[in-house]
Amino acid sequence: QTALEGGQEVDMVLLPKFLGILVFDQANEGAQEAHAELGNPGELLFVGPTPENSVAGQIEIMTTSATQGQGAVMLSNNAGDQIAPSAKAAQDAGTKVVTWDSPIPSGEGEDVFVAQVDFGSIGTVMADMAHSILGGSGQMAVLSATPDAANQNAWIASMQDALKGDKYSGIELVDIVYGDDQAEVSYNRALALVDKYPDLGVIMSPTTVGIQASAKAMQDEGLCDQVKVSGLGLPAEMVSYTMNGCAPEFALWDFRDLGYLTYYTAYGMATGQLTGELGESFTAGRMGDYTIEEDPGRPGSKRILMGPFTVYNKDNVEAAAQ
Amino acid sequence: MTRLSSFATGLRSWEGFLFAALLVILAVNAALTPEFLTVANQINLFQLSIEKVIVALVMTFIIINAEIDLSVGAMMGLSACAFGWMFQNGVDARLACLVCLGIGIAGGALNGYFIAAMALPSLVVTLATLIGFRGLARVLVEDRGITDFPDWFDALGQAPMLGPLPFALIAFGVLFVFLYVLLQKTGFGRRTYVIGTNRDVADFAGIDSRRHKFILFVASGLISAFAGLLYAARVGAVRGDVALGFELDIITIVLLGGVSIFGGKGSLTGTLLSILIVLNLRNGMALMNITGHIQTGVIGLLLIGSVLAPRLRLPRFNRAAKPKEVSP
Amino acid sequence: MTRLFLRVSPQALRITGLLFVLCLVVLFFSTQVDNYLNGRLFNRISSSVAIMALIATGQTIVILTRNIDLSVGSVVGFTAFATGSLVTAYPDMGPVPLVLFAMVCGAGFGCINGALVAYARVPSIIVTLATMALFRSALVEFSDAKSITSGSLPQWLVSFPNTKLLTIGQFQLRAGFAVAVVVVVLVHILLSRFRPARRFYAVGSSPEAAEMAGINTRATVFAAFVLAGALAGLAGFMFLARFGNITVVAGLGFELKSVAASVVGGVNIFGGSGTVIGAFLGAILVDLIDTSLVRWQLVSEFWREAVLGALILLSVTVDTLLMRRLFRLRQAQEHEAAKPKPAAAGKVTKEGAA
Amino acid sequence: MPEPVLSLDHVSKSFGMTHALSDVSMDLHAGEVHAIVGENGAGKSTMIKIMTGIHQPSSGAVRIDGDAVTLAGPQTARDRGVVAIYQEPMVFPDLDVAENIFISSTKEGWFQNRRDLRRKAHALIDRIGMALDVDQVASGLTLAEQQAVEIARALSQDVRVLIMDEPTAALSAHEAAQLRRVARTLAEEGVSVVYISHRLEEVFEIADRVTVIRDGQHISTRPIDETTPDGMIAEMVGREVGNYFEKAPTTATPEVLLGVRDLTLDGTYENISFDLHRGEVLCMAGLIGARRTDVALSLFGIAPATGGTVTYKGAEVRLTTPRQAMDLGIAYVSEDRRKLGLAMEMPIRDNVTLATLSRYQSRAGIIDRAAEAETAEAYRQRLNIRTPDVEIDVGMLSGGNQQKVMLAKWLNMEPELLIFDEPTRGIDIGAKAEVHDLIRDFAAKGGAVLVISSDLPEVLAMGDRILVMREGVQMGILDAADADQEKVMALATGQVRSTAPDAREGEPA
Ligand SMILES: Nc1ncnc2c1ncn2[C@@H]1O[C@H](COP(=O)(O)OP(=O)(O)OP(=O)(O)O)[C@@H](O)[C@H]1O
Ligand SMILES: Nc1ncnc2c1ncn2[C@@H]1O[C@H](COP(=O)(O)OP(=O)(O)OP(=O)(O)O)[C@@H](O)[C@H]1O
Ligand SMILES: [Mg+2]
Ligand SMILES: [Mg+2]
């Protein structure tokens, strides 16, 4: 059990998928909190690309960080395996690469992944939410972000796995469509799903933009009695839909905590206090103890599991939305 | 006397202006960030955008020809995804590369057919193929990311080949020299300018502008496919969104280089200078931790400023979009 | 048949052609998709096309003057966000000042584009390529990573686009669509009857001739951009009302979609000809195909874009070939009409030659 | 002496090194037709561009009603009642004729009424005496018709000063006469008309006063009856010149170079038949819209004919591309130099070698620029192109000098058959003679020339034979020896048809 010692100077970069999105800003707040707590005299940079240029931008920032000799890059990966060569190059230059929110699928170029939740269990949670909404049987469709979003794809895959269980035999996954994480595309896709499957019971959207747009679409068209919306969403955006029954249940984790934990992990590794070996444990400030373990979804890769996440419903959403 | 005056106008020309701008950027970067002038960084800054700048060279021809090709990014994506798909389905990677280049030629020929033979506006045709090629890339890889290419392929994009220089950079150098001679010194280049200046005049002088345009679009497709492969090799993986939106960056580079959007004006020297400016500027900003929208915004300002500044100060600048003289 | 074909104006013919293609598409999908042809389809398409129709209208005006506006997407995003922020801060604001604010905000961006294009004489594609990035950068700065959420918007605003003005059976005329139709028709009437607006056509048709004829080409081009900006602002307002959730990616990609709608609607990309009704139908056609493809079982999710690209190319090709044919037919007809007693003249020449 | 409506007061204008105008003064009175004459590049167009605010004088002033004014652009000038029609007509190709006329009018109301518009347009077109469908889209109009639209547009406004820069260059004699009547009528109504033309007989017909410009300098301004054509020409060129329209002896040989039989392009022209001999100059005459240009375009492979045969040097050929025609030795000098003839934004050098580029290329395709420059320089001297050097853009030259560059481009191809469409459109009397000499010289060396011209004196002076067309139909071929203006016009206007059995003479093998 390593108790991380603060005060060492190391420059670090927090690299989100792109700038201008609330949850990434929350992660930054968490990281800044940890940065202050650990008394790191170095710099914590929050830099990221634009939405249109996310992939190339992330690769560019990763490469630049290596050139600058940053101690660590904390990456919410939006480039899939395309970032692996530059991440490896960064590692070779002595920069630690800690991913959070979304890992490098192949695990190459990555020291450790700080997982917000267990990617296997998130599938079960989504399946469970669908189960409870549908009352055990009915049709479900998925409205995802883009076909390239690695974490969404992993979650959907794990949900498809979970659905094989006997408990969910009554649930039929009829379609997977993509809303490109844009409000208007997601909105139109959600309606097209309803038109395509007249018996659809729930739209599962593992993305905050998609779930909000679907809920709005169902509400606008007066379809909330027929088709429910669920998935991953922000309480502040979803509160009204949860209260009026359009989206009775959805889940999410705390991005502030995720940023906080990620910072601790990256700091430990960049200062050499953590070696990043399997089984290593450390105390991450206010959040308690964590252990580096094998990532079950990506053989050969390591992760730190933050967990748990919260399922929101009528009872707790209003409090969380404040 | 003529020599001397053309040298003088050369200094006051657009290229001269770009060159001065480049020097300023280099000096500022070198002064502000110690890592800037390292060989590794200089190679990196090229490497990071090498595919775009390669395509920008051909785009220079196309825009001088008074056309535009919006489908280059999508073609890069299609070629990379086709490679990934074939590789995943057990096709030999070498053969897959050849097939991808073939796809580039076919896609370019499709554009060329509609633009040259059917005489549809290239903006419209390539807007449609931008959507279509991207769609085909999606069809091939769906929601998968494909990786684990053969080592030689990855090395092509990532390992140094000649001294510290990677293959793509060498390819860029060779291509630049070849295209420079082609555009600036040969009859093909002259015809590119003439057709861009006034297509009817070219046709009436016995120049087959349709054939010329067709060739250019095929070349554009081919080079885009090649660049798509380079991209796949550099990042060692492909996905449906490879090179998404690259077309606008590429066009920005070409326009900043002084190539007139109305055709007939510009040069590869200008494009090269513009490449150096954009890359060094981006790199300098990145090293100063200025990224994201501010970077994009600065390039945007530069683009407008580059057209405005010479017009405000030196009205007789040789810039592309000089106001048209009314008929004498 | 040919006679009739020749008498109708090209614009009217083009619109008829578009309507015909629309019907074909609807008929085709009704054989492919169960439960396709009903009021619901109308409601879906009509409400989803409203925003693009406004943007395409503005884009058409700009294209008519031989320019292009690639910044509309960013303008929509920014105005949607700014309007959302405003109404969140002052929830008591009424509809009129809010709409005005959105339009003025959009027009402001249009002024920047217009000034650079018309007065500084920077080609529009360069200006708007740059301002597309700049305006979105401004949005990222301005939004400070906060999103607007529908919860914070007044109820009248959120429910406005779907307010049913008129219901006939399953068919509903909703406020959002009604606004779009009114704007399109209004702009159409202006463009075809209002003298100063005819100058958009003149300037696009031949900028040099316009200059020589004493038309203030700069003011005309400037006005086109301001109008397009104002319409994009209005679209931003509608975007806010309809989706409620505004982030920094709002309106991303609208620029190319609006160009596609105009072009499919028969607006000449080189300026001088086209109608906003055409662009409106073009927007509907693109939207209809896009939505229908999602519902078509035969085509997987991943084929949609490929098919859409092919269809755009097809419709533009057919339109162009048709118009060319028509032009040739007309020419031939005029020649016939103008020929001086052709038979007699021909005979005499032959006799002379014999 | 009444105050002049508009005057130039010691105006100078230079473009970089070129002094287009130096210290030119001129007065314009109400109700007069004031002609400006001078050689190509003398500065006529520059003068009127200063009057209409397109250019600002480098020094000196423009005065309207005696007040010095700054004309910021054509709009300001128009607001002051100064309207110009330029050498190259400018219409809006996408708008119909009626709208073309009224688009910039400030007199109409806010909303346009189609019927009203058509009626007014009709009235104006009638006043000019053109037959023109006002609903027609302008993209299909010929140069002359475009010119008519521009004149109508000018007439639709409250003009005080109407400037016409070579308005009749593109018009046939009939239409030109019509136009002159219009100009006279306007002058009688009190408008001052500035009239620029290279056709001196026109000047004498309508002008009240004539100003002669040479090399950017004001030479003289005189009432018309105090001047003679010869005196005027002497002032223009600064020397005595002989008779331009002297009939040159024919150099025609019996050898047929080009044989055309029943050439037809559906919907455009039909059954054109003639033989063209080496050494011969065959002129095609006709009114505007006679479709002569279309015949030429077919012979050059641009608009391939749909029927009939063409034999070249005794062998039947099918001409489908310009390249093919050029390889045979056929050159076509277009009538529309701005749109089809010259790349205006490129240097003279590049334009001169445009049609013969492959000759300057090495095996690897590299262009020999020095050789190009040498060629261009040679033509500059031979054709007397007025320019300091061949590296400047063609667009900077005056109309006449542009014409010579275009000719240089085709002469450099060393063609055997030269099709010359409106060879002297918009060029001055000195240059005209030079062009005529060049054509005759070309023929004398064994080449064949097909000249399309709307300038009747020119046709009569140059042609060995004259083929007259009318609206796509060959009306007949006249021998120059027994042709005169009346006979040609009679055919061109369709009053008579030819009976001369000349089309099939000398059947080609
Ligand atoms: N925009 C310009 N830039 C540079 N030189 C110019 C420009 N416009 C005209 N010139 C030069 O000014 C001189 C006068 O030209 P201008 O067009 O006035 O002649 P012009 O008398 O109208 O001749 P033409 O009868 O051939 O039309 C010429 O030498 C011409 O090359
Ligand atoms: N009614 C028309 N509609 C469309 N285009 C026309 C028409 N008449 C002529 N043209 C085009 O205008 C150009 C010149 O016309 P045309 O050949 O009829 O005239 P022309 O006999 O050469 O007379 P000129 O050369 O004196 O104008 C050609 O390219 C022709 O195709
Ligand atoms: Mg002139
Ligand atoms: Mg002609």
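Read top to bottom, the protein sequences are chains A, B, C and D.
If you're matching positions, the first sequence starts at 644 in our numbering and goes up one per residue.
If you're matching positions, the second sequence starts at 14 in our numbering and goes up one per residue.
If you're matching positions, the third sequence starts at 925 in our numbering and goes up one per residue.
If you're matching positions, the fourth sequence starts at 631 in our numbering and goes up one per residue.
Every residue gets a Cβ at the ideal spot worked out from N, C-alpha and C, and that includes glycine.
Just so we're clear, the structure is a prediction, and the values are computed from it rather than from any experiment.
Annotation: the continuous beta strand (DSSP E) that includes E937(A) extends over 931-937. Interface criterion met: the Cβ of S883(A) is under 8 Å from a Cβ in chain C. Listed along the chain, the chain B residues whose CB falls inside 9 Å of the CB of P952(D) are D216, F217, A218, G219, I220, D221.
Around the C-beta of S637(D), 16 or more other C-beta atoms lie within 10 Å, and the residue is accordingly described as buried.
What N1169(C) touches in chain A, judged by beta-carbon distance under 8 Å, is A826, V852, Q855, A856, K859, E880, going in chain order. Its Cα nearest to that of V1172(C), the residue P694(A) stands out among M949(A), P694(A), D804(A), A674(A). Ranking F227(B), D105(B), E260(B), L114(B) by CA distance to the CA of L1180(C) puts E260(B) first.
Per DSSP, the unbroken beta strand (DSSP E) holding V954(A) starts and ends at 953-955.
For G120(B), the closest of T142(B), L39(B), E28(B) by C-alpha to C-alpha distance is T142(B). Uninterrupted alpha helix (DSSP H) stretches at least 4 residues long and entirely within the segment 1131-1195 of chain C occur at 1131-1136, 1141-1167, 1178-1188, given in chain order.
CA-CA distance, V840(D) to E900(D), rounds to 45 Å. Interface with chain B (8 Å Cβ-Cβ cutoff): Q734(A) is excluded. Across the segment 714-729 of chain D, CB contacts with chain C closer than 8 Å involve A714, Y716, M720, V721, F722, P723, D724, L725, E729, in sequence order along the chain. Under the DSSP assignment, N794(A) falls in the alpha helix (DSSP H) whose first and last residues are 793-805. With at least 16 other beta carbons inside 10 angstroms of its own, P692(A) counts as buried. Taking the Cα positions, G844(A) is about 46 Å away from S135(B). Sequence-ordered contacts of the segment 169-200 of chain B with chain A read Q171 [C-beta pairs closer than 7 Å]. A Cβ-Cβ distance of about 16 Å is found for the pair G668(D) and I854(D), leaving them out of contact under the 8 Å criterion. Of the residues P634(D), E738(D), M656(D), I1107(D), the one whose Cα lies closest to the Cα of H640(D) is M656(D). Runs of the beta strand (DSSP E) lying entirely within the segment 706-783 of chain D, each at least 3 residues long, are 712-715 in chain order. Sequence-distant partners of D82(B) (beyond 5 residues in either direction) whose C-beta falls short of 6 Å from its own C-beta, in its chain, are I75, T139, S233. Pairing S769(D) with D697(D) gives a Cβ-Cβ distance that is not under 8 Å. Residue contact with chain A for G258(B): present (Cβ-Cβ distance below 8 Å to some residue of chain A).
When the alpha-carbon of A1203(C) is set against those of A974(C), S1216(C), T984(C), L948(C), the nearest one is in T984(C).
For H306(B), the secondary structure class from DSSP, reduced to helix, strand or coil, is helix.
Judged by their CB atoms, G276(B) and G270(B) are not nearer to each other than the 8 Å cut-off. Under the 8 Å criterion on CB atoms, G158(B) is classed as interfacial with respect to chain A. With fewer than 16 neighbouring CB atoms inside 10 Å of its own CB, N959(A) falls in the exposed class.
Taking C-beta atoms under 8 Å as the contact rule, G1175(C) and G1001(C) qualify, at a distance of about 4 Å.
Along the segment 700-714 of chain D, going in chain order, the ones with a CB nearer than 7 Å to a CB of chain C are P704, Q705, R708.
The CB of F1118(C) comes closer than 9 Å to the CB of W740, F741, Q742 in chain D, given here in chain order. G305(B) has a beta carbon lying within less than 8 Å of a beta carbon in chain A. Interface annotation, Q766(D): not in contact with chain B, CB-CB separation never under 8 Å. Taking a beta-carbon distance threshold of 8 Å, S1182(C) does not count as an interface residue toward chain A. For the pair of segments examined, the segment 167-181 of chain B was found to touch the segment 50-57 of chain B: the number of CB pairs separated by less than 8 Å reaches three. Counting along the chain, the unbroken alpha helix (DSSP H) around W27(B) starts and ends at 27-45.
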